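Protein chains in written order, with my numbering: chain V, 126 to 209; chain Z, 126 to 209; chain D, 126 to 209; chain F, 126 to 209; chain W, 126 to 209; chain G, 126 to 209.
Here the structure is laid out as structure tokens; the discussion comes afterwards.
6 protein chains.
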Amino acid sequence: MNRVPDSELVLVPGGTLITATPDDGRALAITMARHSIHNIQPDLDILKGGRPNYSTNPDSLVAVSQVIAIEFQTIAAANGYWRG
Amino acid sequence: MNRVPDSELVLVPGGTLITATPDDGRALAITMARHSIHNIQPDLDILKGGRPNYSTNPDSLVAVSQVIAIEFQTIAAANGYWRG
Amino acid sequence: MNRVPDSELVLVPGGTLITATPDDGRALAITMARHSIHNIQPDLDILKGGRPNYSTNPDSLVAVSQVIAIEFQTIAAANGYWRG
Amino acid sequence: MNRVPDSELVLVPGGTLITATPDDGRALAITMARHSIHNIQPDLDILKGGRPNYSTNPDSLVAVSQVIAIEFQTIAAANGYWRG
Amino acid sequence: MNRVPDSELVLVPGGTLITATPDDGRALAITMARHSIHNIQPDLDILKGGRPNYSTNPDSLVAVSQVIAIEFQTIAAANGYWRG
Amino acid sequence: MNRVPDSELVLVPGGTLITATPDDGRALAITMARHSIHNIQPDLDILKGGRPNYSTNPDSLVAVSQVIAIEFQTIAAANGYWRG
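So, in structure tokens, the structure goes:
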């Protein structure tokens, strides 16, 4: 198996939900969503084989964006919404 | 690749979840949802190629509206619901 | 393009999430969900062309009702659940 | 059009999210979900025509149960989870 | 009609969201999700007829697990996350 | 029936939602989501038979990642977001 690199399997990169800015929090949400998928399916060839399908299919893109929105809810709450 | 402009890739436009009004918050929710998708698929030609499908398909429109509703939950909480 | 009227594009009708009653809050949730869709697809002919499909398809009706439920979560929290 | 009775269109039956018991709250969640659908599609013949499909299709039943779960989150929060 | 037993129709078994342990809370989430479905479709023969389909279809299993996750959010909040 | 081992059926492994780190909390979210599915379908042969399908289908992977995101919301709240 052509395994995804270990760095792509870290469940919470950086080990904390706290980020400096909303933008960083959003980037963390995207990474956490991607790493979930890598933990379920760590075979890079299968992942790459599927990418042309979901990343060009509008409904799949919307589904991914929903997962990001849910992860971001958690991260934003963790950071007190960066109210400052 | 015909890449989406950089401005369409900013994860949290304005760098804050705080907005002056509910209407501005709602507009931010829509933009954040769209920019998520641009970050996953930054090829403008593929995005434009898919748009006629999802934007005329009622079920796809409902799926997009759900992502907006979830993003808005976060933004509304961040703003203390603009209770005033 | 046969554009939806401007009133159908207002993101948060009334400009506030605060309503007098739960019933008014629920009505606002329905309107906000509908206006999201109008902002993504403002062509009335396309919207009307799709309506016979989603409004008679039980699964589509359930999907719409889920978006309303999510919008209502936000509005109910904004209003302190109208505990009175 | 064979319109659903007016009582089936009330968005928040009883006009409040506050209920005496969790069971009553759950019943309200089910009713609110159903009345959402009636407001989108108030034609009883179309609703009845669709029912044999969604109510015997396991995936549709699961979708309905998800909407009920979301409505119940709101109602349970409104009632302080009936902690007593 | 071969109706599900009355015990399978109780919306909130035990009449409370409060449980002794997280495990009990999780079991309640599963039961509440199942009883929602029984209230929408109380015909045991139809339910049993559909079970071989959804319980062997991976996507249906995932959909059910999502409803359980949502119910559990409510129950966990009700119990102060059993921090105690 | 080739039943999943008892350890795979524990609803909340460890009996608590409290974890030392965000990473541990994320791992718990993944385990809880998997064990939900095992409780609905405890036949290992059926589960293994379905795995090649959902774990190679991008849309199914996204659906699983959404359940993990929802479980994680609960666990993160339980842990006060590990703010430290």
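Idealized CB from N, CA, C, for every residue including glycine.
Please read these numbers as outputs of a predicted model, since none were measured by experiment.
Own chain, CB closer than 8 Å to residue i, minus 5 neighbours either side, in chain order
i: L136 of chain W; result: M157, H160, S161, N164
i: N127 of chain V; result: D168, L169, D170
i: V189 of chain V; result: A158, Y179
i: G175 of chain G; result: none
When the options are compared against residue i, the one with the closest alpha-carbon
i: I155 of chain G; options: G:G205, G:N178, G:L186; result: G:L186
i: P183 of chain V; options: Z:I171, Z:Q191, Z:T146; result: Z:I171
i: P177 of chain W; options: G:Y179, G:N178, G:D168; result: G:D168
i: K173 of chain F; options: D:T181, D:A188, D:T144; result: D:T181
DSSP bridge partner residues for residue i (one or two, in chain order)
i: D168 of chain W; result: W:R128
Beta-carbon gap between residue i and residue j smaller than 7 Å
i: A194 of chain D; j: E196 of chain F; result: yes
i: A214 of chain F; j: L142 of chain F; result: Any answer about residue 214 of chain F is impossible in this case: the structure gives chain F only from 126 up to 209.
i: V192 of chain F; j: Q191 of chain D; result: yes
i: G150 of chain Z; j: I200 of chain Z; result: yes
i: P252 of chain W; j: W207 of chain W; result: Here chain W has residues from 126 to 209 only, and residue 252 of chain W is not among them.
Beta-carbon contacts of residue i that lie in its chain and below 6 Å, excluding the five residues immediately before and after
i: Y179 of chain W; result: S185
i: V129 of chain D; result: H163, P167, L169
i: G205 of chain G; result: none
Chain-order list of residues whose beta-carbon lies under 7 Å from that of residue i (same chain, five-residue window excluded)
i: A145 of chain W; result: none
i: D131 of chain D; result: none
i: G209 of chain V; result: none
Where residue i meets chain A, residues with beta-carbon distance less than 8 Å
i: Q191 of chain F; result: The structure shown contains no chain A; its protein chains are V, Z, D, F, W and G.
Run through the region 141–166 of chain G for me and flag every whole alpha helix (DSSP H) of 4 or more residues, listed as ranges in chain order. Entirely contained in the region 141–166 of chain G, the alpha helix (DSSP H) runs reaching 4 residues are, in chain order, 147–165.
At what residue ranges does the region 171–208 of chain F contain a whole run of the beta strand (DSSP E), taking only runs of 3 or more? The qualifying runs do not exist here; there are none.
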